[in-house]
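Chemist: The sequence shown begins at 517 in the numbering used here and counts up one residue at a time. Note that CB positions come from ideal geometry on N, CA and C, so glycine has one too. Can you read through this structure? Questions will come right after.
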Amino acid sequence: MSRLMKFASIFLMILLFLILSACQNQEDKNEASSDVDEKQTESGENKVEEEYTQPESDANKQEKENAQPEVFQLRNEKYYIHGITLGDDKDVVLEKLGEPDEEKEDSSELNPADYVLSFDNLEIYITDNQVVRMFISTNQGYFNRVFYDDYPNPAEKYISEDGSMYYLYKEETEQLIYAKLGENDEFMIFFDYADGNFQHNLETGWIKNVNSVDSSSADQDQVSYAPYGNSRFGFTFEYPQEYTVDPPPTNGDGVTIHNEDFKLLAYGGHTNILRDGETVNTYYEEDLAQISVPISYNRLKDNWYVLSYKEGELINYKKFFFSENAFNTFLITYPASKQDLYGPITTHISESFVPGF
């Protein structure tokens, strides 16, 4: 009997062990199945997300590419660049922009600042611990958007006679932002106070409000132009066809075209680059030495230069082209009081002029 009881006890223990093992295996299978289901669910969700996530449109991509931080601002009748305006303390600059990449000496020959804070493409000039002027470079497309779209008030916008420089001017504060095209198609933008040169160029008409430019452009639609070509030196240009063309000189080196107010003298000559070592700078310096009045505009490039100035009541505009063997040049004079009429005509002649080399 005791042997039977002992056998029964062993049997029950084995049976209990098998039952417990079976339960554990089932639990492990359930957990494994749950993990698989969960992974499948996650995988399914990812597939759904991938399936219904729309690709970024070309318009959105283009919008992101064109997006630029708000560099220029106008607040309380003051211009700001990157949140900084003229007269701000250095501490304000550091608070808004952080530490500069470099603090360097101002190399300007005229009225240099105490030092310059350099931030990537932005330079801030500091004197007596305050911002006195700024410089920034950007692309032409972005600046054009700022100039034509972001500042709708035409009374603040000005442009030079030849279209090479743009200005934003606040008469109340005398703040001036002016820009011109530099190397590598970058726009060089300066932020300063308007000085005597700006006022002088306004008075002479070399700088004009965009409203005046628009109205004079409408007048230009009535001007018809005729071509001129010089057979000896090869240069060509267009001039108002109703103007008088004087008989050419006997040597055929040029032409004089005029009306009662306007005079254009265009001619060519030979250079002596081999014998005398002449360069475009040679002629540029000679012309500068002969001009005793302030220069309204001058630009010197590798093989040409422009000089514009007011002498007495007349505006003078000269453009000079240089090569190893010859030069071509023209000089235009007209009354400063008739800038609205003759300024655009001068621009047309200058833009149409093609040297003969």
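What would DSSP say about H786, mapped onto helix, strand or coil?
Modeler: Strand, per DSSP.
Chemist: Which of the three DSSP states is assigned to S747 in this structure?
Modeler: Reduced to three states, the DSSP call for S747 is coil.
Chemist: If you drop the 5 nearest sequence neighbours on each side, which residues of the same chain put their C-beta closer than 6 Å to that of E840?
Modeler: Here the set comprises I789.
Chemist: For a quick check, are the C-beta atoms of L692 and D708 less than 9 Å apart?
Modeler: Result yes, Cβ atoms of L692 and D708 sit closer than 9 Å.
Chemist: Flag this pair as yes or no: are the beta carbons of Y631 and E615 separated by less than 9 Å?
Modeler: No. Outside cutoff.
Chemist: If distances are taken between C-alpha atoms only, which option among N627, T643, W820 comes closest to D607?
Modeler: Here the closest residue by C-alpha is T643.
Chemist: Once the 5 residues before and after N637 are set aside, which same chain residues still bring their CB inside 8 Å of it?
Modeler: The answer, listed in chain order, is I652, S653, T654.
Chemist: Please report the straight-line C-alpha distance between D617 and F753, rounded to a whole angstrom.
Modeler: C-alpha separation (whole angstroms): 49 Å.
Chemist: Could you check what DSSP says for F663 in three-state terms: helix, strand or coil?
Modeler: Reduced to three states, the DSSP call for F663 is helix.
Chemist: So, helix, strand or coil for I865, using DSSP?
Modeler: Looking at I865 - three-state DSSP - the assignment turns out to be helix.
Chemist: I need the boundaries of the alpha helix (DSSP H) containing N717, first residue and last residue.
Modeler: N717 -> alpha helix (DSSP H) spans 712 to 720.
Chemist: Mapping the DSSP letters down to three states, classify V771 as helix, strand or coil.
Modeler: In this structure, V771 counts as strand in the three-state DSSP scheme.
Chemist: Can you tell me which of H598, I811, N819 puts its alpha carbon nearest to the alpha carbon of E639?
Modeler: Comparing Cα positions, the closest option is H598.
Chemist: Please work out which residues of its chain come closer than 6 Å, Cβ to Cβ, to N814, disregarding the five sequence neighbours upstream and downstream, and give them in chain order.
Modeler: So the list reads L823, once near-sequence residues are dropped.
Chemist: Between which two residues does the beta strand (DSSP E) holding N797 run?
Modeler: From DSSP, N797 is part of no beta strand (DSSP E) but of the alpha helix (DSSP H) over 796 to 806.
Chemist: Let's see if you can read the secondary structure: which residues bound the alpha helix (DSSP H) around L590?
Modeler: Careful: L590 lies outside any alpha helix (DSSP H), inside the beta strand (DSSP E) at 588 to 591.
Chemist: Considering only their Cβ atoms, is the gap separating T787 from A842 smaller than 9 Å?
Modeler: Contact flag set, yes.
Chemist: Could you tell me which of N727, T845, F703, Y821 sits nearest to F659, measuring between CA atoms?
Modeler: It is F703.
Chemist: Could you tell me which of G698, F749, I705, S624 sits nearest to V870, measuring between CA atoms?
Modeler: Taking only the C-alpha atoms, the option nearest V870 is F749.
Chemist: Report buried or exposed for I811, applying the criterion of at least 16 other Cβ atoms within 10 angstroms of its Cβ.
Modeler: I811 is exposed by the Cβ-count criterion.
Chemist: Quick check: what's the CA-CA separation for F846 versus Y800?
Modeler: Approximately 14 Å between the Cα atoms of the pair.
Chemist: For A548, which three-state DSSP category applies?
Modeler: Here the model assigns A548 a pLDDT of 47, short of 50, so the residue's position is not dependable and the matter cannot be decided.
Chemist: How would you label E677, buried or exposed, when you count the other beta carbons within 10 angstroms and need 16 or more for buried?
Modeler: Answer is buried; the Cβ neighbour count reaches 16.
Chemist: Alpha carbon to alpha carbon, what distance is there between Q738 and G859?
Modeler: Each residue's Cα considered, the two are about 15 Å apart.
Chemist: Select from D762, K835, E593 the residue whose C-alpha is nearest the C-alpha of D803.
Modeler: That would be K835, whose Cα lies nearest to the Cα of D803.
Chemist: Can the beta-carbon of V726 be found closer than 9 Å to that of N746?
Modeler: Not a contact, by the Cβ cut-off of 9 Å.
Chemist: For the putative contact between T862 and Y821, defined by C-beta atoms under 8 Å, what is the C-beta separation to the nearest angstrom?
Modeler: With a Cβ gap of about 16 Å, T862 and Y821 do not count as contacting.
Chemist: Who does E702 pair with in a DSSP beta bridge?
Modeler: The partner list for E702 (beta bridge, DSSP) reads N655.
Chemist: Just the C-alpha distance for E672 and G698, rounded to the nearest angstrom, thanks.
Modeler: Taking the straight line from one Cα to the other gives about 23 Å.
Chemist: How many angstroms separate the CA atom of T569 from the CA atom of I600?
Modeler: Per-residue confidence for T569 stands at a pLDDT of 40, beneath the threshold of 50, marking its modelled position as unreliable; no derived number is given.
Chemist: Helix, strand or coil, according to DSSP, for A629 in the structure here?
Modeler: DSSP places A629 in coil when its eight states are reduced to three.
Chemist: Closest to L590 by CA distance: which of F635, F873, V662 is it?
Modeler: The shortest C-alpha separation from L590 is found at V662.
Chemist: Quickly, what does DSSP pair K594 with across the bridge? List them, please.
Modeler: According to DSSP, K594 bridges with R591.
Chemist: Can you list, in chain order, the residues of its chain whose CB lies under 6 Å from that of Y683, leaving out five sequence neighbours each side?
Modeler: Same-chain partners within the cutoff: Y674, Y694.
Chemist: Go ahead and label L626 buried or exposed: buried means 16 or more other beta carbons lie within 10 angstroms of its beta carbon, across all protein chains shown.
Modeler: By the neighbour-count rule (16 or more Cβ atoms within 10 Å), L626 is not buried but exposed.
Chemist: Quick check: what's the CA-CA separation for N582 versus V609?
Modeler: Residue confidence is low: N582 scores 42 on pLDDT, short of 50, so the model does not pin down where it sits. Its coordinate-derived value is still stated next. Taking the straight line joining both Cα atoms gives about 27 Å.
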